[in-house]
Amino acid sequence: EPKPPGPVVLEQVVYGKVIITWAPSPDQEKDDRLHYMVAERDSNTRVWRTIADRLFCNTYTTSVQPGCEYHFRVYAKNDMGLSDPSKSPT
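If you count the sequence shown from 1, you need to add 19 to reach the working numbering.
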């Protein structure tokens, strides 16, 4: 299984949008098939759902609803499986 990506950082530059960035997994350099999956959970549903998969970059922009609290997890994936998640601040 791949090692998890680095810390997750959230940035809101446009109202209703959040840019999620993370440091690459230590395995990214030696594994060209490694990619990332992003999951989110909001304060209304409290259920994790995948919002992006097969990302070969270290950033993703998503829409958010004002007044909701969101949490994000980023996983590294390859042919061997799924890493532990890197978690976002609230």
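No residue lacks a Cβ here, since even glycine has one placed at the ideal position from N, Cα and C.
In this model, proline 108 and proline 26 are separated by some 9 Å (Cα to Cα). Among the bridge pairs identified by DSSP, arginine 60 is matched with His90. Close CB contacts of aspartate 46 within its chain, under the 8 Å cut and outside five residues either way in sequence, are with Pro21, Lys22, Leu53, Ala95 and Asn97 (chain order). In this chain, the beta strand (DSSP E) harbouring serine 82 covers 78–82.
Out of Cys87, Ala42 and Val66, the CA that lies nearest to the CA of valine 28 is found in Ala42. Burial state of methionine 56 is buried, judged by a 10 Å Cβ sphere holding 16 or more other Cβ atoms. Short of 8 Å from the beta carbon of threonine 80, and not among the five residues preceding or following it, lie these beta carbons of its own chain, in chain order: Lys36, Val37, Ile38 and Ile39.
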